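Everything on this sheet refers to the single structure shown next.
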Amino acid sequence: METMTGGCQCGRIRFSAAVEPDKAYACHCKMCRKATGGAWIAFAGVRKEDVTWEREPDWYASSPIARRPFCSHCGTPLGFAFPDSETMDLTVGAFDDPAAFRPAHNYATESMLDAWTDLTGLPGYRSEENEAVMRRWHDAGMEAPE
């Protein structure tokens with residue numbers, strides 16, 4: 001276990017959590033796709049007692065059996081939890097170093113969108129190659145985020 005930090009896009013919600021980075025997973029269920037707007041979501045399972053919130057996130061009851069922490073200011077989805085469980089999941093993308101995580105398995109494979117699971121053969125483009133986007137960041141007086 002190692003302690004890692006993370007938070008939402010605007011910085012309003014910050015957390016630290018004891019995690020096992022090599023035990024993350026990809027959830028393909030329809031509920032998670034709807035909640036995050038993605039084809040699937042990367043989660044890291046943690047014990048609730050091992051998560052410290054600097055500021056308590058907002059919570060959305062996404063179903064009768066589950067709640068999802070998020071930032072109501074910027075909208076960042078931060079995780080998933082069953083209220084009656086001692087564990088919860090935090091979104092890998094919300095961690096400060098998401099590259100430290102490695103997927104161990106897929107969940108809800110019956111709902112996988114196969115065309116979105118292996119993107120390695122597609123052409124790739126770097127953000128800085130998009131001159132219009134880079135100009136917008138420059139005009140805003142900022143550097144483009146990674």
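Going by the numbering used here, the first residue of the sequence shown is number 1, and it counts up by one from there. Glycine included, C-beta positions come from ideal geometry on N, C-alpha and C. All of these numbers come straight from a predicted model, not from anything done at the bench.
Proximal residues to residue i (C-beta, below 8 Å), its chain only, five neighbours per side dropped
i      : result
Gly124 : none
Val133 : Ser127 and Ala144
Met112 : His28, Trp40 and Asn106
Residue closest to residue i, alpha-carbon to alpha-carbon, out of the options
i      : options                         : result
Ala61  : Gly45, Pro83 and Lys48          : Pro83
Glu86  : Glu49, Pro98, Pro69 and Tyr107  : Glu49
Glu110 : Pro21, Arg14, Lys30 and Arg12   : Lys30
Phe80  : Asp118, Ala100, Ser72 and Ala35 : Ala35
Cys74  : Ala140, Gln9 and Lys23          : Gln9
Ala100 : Met142, Ala24 and Arg67         : Ala24
Thr117 : Asp22, Met1 and Gly38           : Gly38
Met4   : Asp96, Arg55, Pro64 and Ala66   : Asp96
Phe15  : Pro98, Glu56 and Leu113         : Glu56
Ala44  : Leu113, Thr76 and Pro98         : Pro98
Asp22  : Cys32, Gly11 and Met1           : Met1
Glu54  : Asn130, Ser63 and Arg12         : Arg12
Arg47  : Ser63, Asp58 and Glu20          : Glu20
Same chain only: Cβ atoms within 6 Å of residue i, ignoring 5 sequence neighbours per side
i      : result
Ala94  : Gly6 and Leu78
Ala26  : Trp40, Ala42, Pro103 and Asn106
Trp137 : Ala144
Cys32  : Ile41
Burial state of residue i, where buried means 16 or more other Cβ atoms lie within 10 Å
i      : result
Asp89  : buried
Pro69  : buried
Ala140 : exposed
Ala17  : buried
Ile65  : exposed
DSSP beta-bridge partners of residue i
i      : result
Tyr25  : Phe43 and His105
Ser16  : Thr5 and Thr52
Thr87  : Arg47
Gly141 : Gly141 is not bridged to any residue.
Pro77  : Phe70
Phe95  : Gly6
Exercise. Output the residue ranges of the alpha helix (DSSP H) runs that lie fully inside the stretch 32-65 and measure 4 residues or longer, sorted by chain position.
Key: You should have found no qualifying run.
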